[in-house]
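Visitor: Per the working numbering, the very first residue in the sequence shown carries number 3; after that it's consecutive. Even glycine gets a Cβ: it sits at the ideal position worked out from N, Cα and C.
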Amino acid sequence: MNKLIYLLLFIVFAIVLFYYLFNNRSKEGFNEKYTAIIVEPREHKALSFVLKNALTNLPNNWNIVIMYGNKNKDFVMKIIDTDLSDYRERITTKNLNVDNLTISEYNDLLTSKEFYDNVPTEIFLIFQTDSVICNENKDLLDDFMKYDYVGAPWKDAVGNGGFSLRRKSKVLEIISKCKRGKGNEDVYFANPCISNFKPSIEKAKTFSVEGYYSDKSFGVHKPWAYLDEEELDKKIKQCSPLKQLWELNS
């Protein structure tokens, strides 16, 4: 009888311990902070739309950093004060002190150590005015938090940087150890000289759709430039913000 009592007590203790550890772990995960970053020095007509899309689809422990330029400061502040007033506590701004950025200058910026001094969290999302999170699949984000880098896949690599999830410590390691050529910043980070934990091409399709179609994806990056008409029509039906994003970029 005593052995049975001890066994029951042990089982109860094990169950209580499991729930204690599980709940604490869940709380820690929720309290951890993450950042979504957009670099946009222009008065782009899609900016308000993509910012609100990010703020409404990312959990509350995700904050936004808007990096603006000399010529669109008032434009950005007006968006924050009007369209995004309910989310003001989750928004940080940074003046890049430039009038605009060429593609080459953008690539130089994102491959500089100094850029990441403005990234306050280990995991961060880069997004642009031609990308959105698909409301229907926003929960897919959890599937990719373990990776060092993920973006929409290319033919032989992962992947596009315009809508990409990255790990700050790995980015800084690549910058410190890998010589960069003249190519785009996403090619540099997607194919570094050191190991970089990324999903397979098939898995990456469920993170973002650009040139390779997937029925379900967390987000999209400029798919109208790459998908055929039939695929794009299907994607518009599966990703509700996509149609308006396309119109704002036309």
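Classify Lys115 as helix, strand or coil using the three-state DSSP reduction.
Guide: helix
Visitor: How would you call Asp2, buried or exposed, if buried means at least 16 neighbouring beta carbons within 10 angstroms?
Guide: The structure shown has nothing for residue 2, since the chain only spans 3 to 252.
Visitor: Is the beta carbon of Glu124 less than 8 Å from the beta carbon of Lys170?
Guide: yes
Visitor: DSSP three-state call for Lys184: helix, strand or coil?
Guide: coil
Visitor: Which residues in the same chain as Asn139 place their Cβ atom closer than 7 Å to its Cβ, once the five residues preceding and following it in sequence are excluded?
Guide: Lys218, Ser219 and Phe220
Visitor: So what's Tyr228 in DSSP terms, helix, strand or just coil?
Guide: coil
Visitor: Taking the C-alpha atoms as reference points, what is the distance between Asn99 and Trp248?
Guide: 29 Å
Visitor: If you draw a straight line from the C-alpha of Val173 to the C-alpha of Cys180, how long is it?
Guide: 10 Å
Visitor: For Lys239, count neighbouring C-beta atoms within 10 Å of its own C-beta (all shown protein chains included) and say buried if the count is 16 or more, exposed if not.
Guide: exposed
Visitor: So the candidates are Val222, Ala38 and Glu45; which of them puts its Cα closest to the Cα of Asn62?
Guide: Looking at the Cα atoms, Ala38 is the closest of the given residues.
Visitor: Residue range of the alpha helix (DSSP H) that Val160 falls in?
Guide: Careful: Val160 lies outside any alpha helix (DSSP H) and carries neither H nor E.
Visitor: Tell me where the beta strand (DSSP E) around Leu167 begins and ends.
Guide: Start and end: Ser166 to Arg169.
Visitor: Is DSSP giving Asn72 helix, strand or coil here?
Guide: coil
Visitor: What do you reckon, are the CB atoms on Tyr70 and Phe126 nearer than 8 Å?
Guide: no
Visitor: With DSSP as the reference, label Tyr108 as helix, strand or coil.
Guide: helix
Visitor: Buried or exposed for Lys224, please, with buried defined as at least 16 other CB atoms from any protein chain shown within 10 angstroms of its CB.
Guide: buried
Visitor: Assuming Gly164 and Ser133 form a contact by the criterion Cβ under 8 Å, report the distance between their Cβ atoms to the nearest whole angstrom.
Guide: 6 Å
Visitor: Going by CA-CA distance only, name the one from Leu111, Asn120 and Val222 that's closest to Tyr190.
Guide: Leu111
Visitor: What first and last residue would you give for the beta strand (DSSP E) that runs through Ala38?
Guide: Tyr36 to Val41
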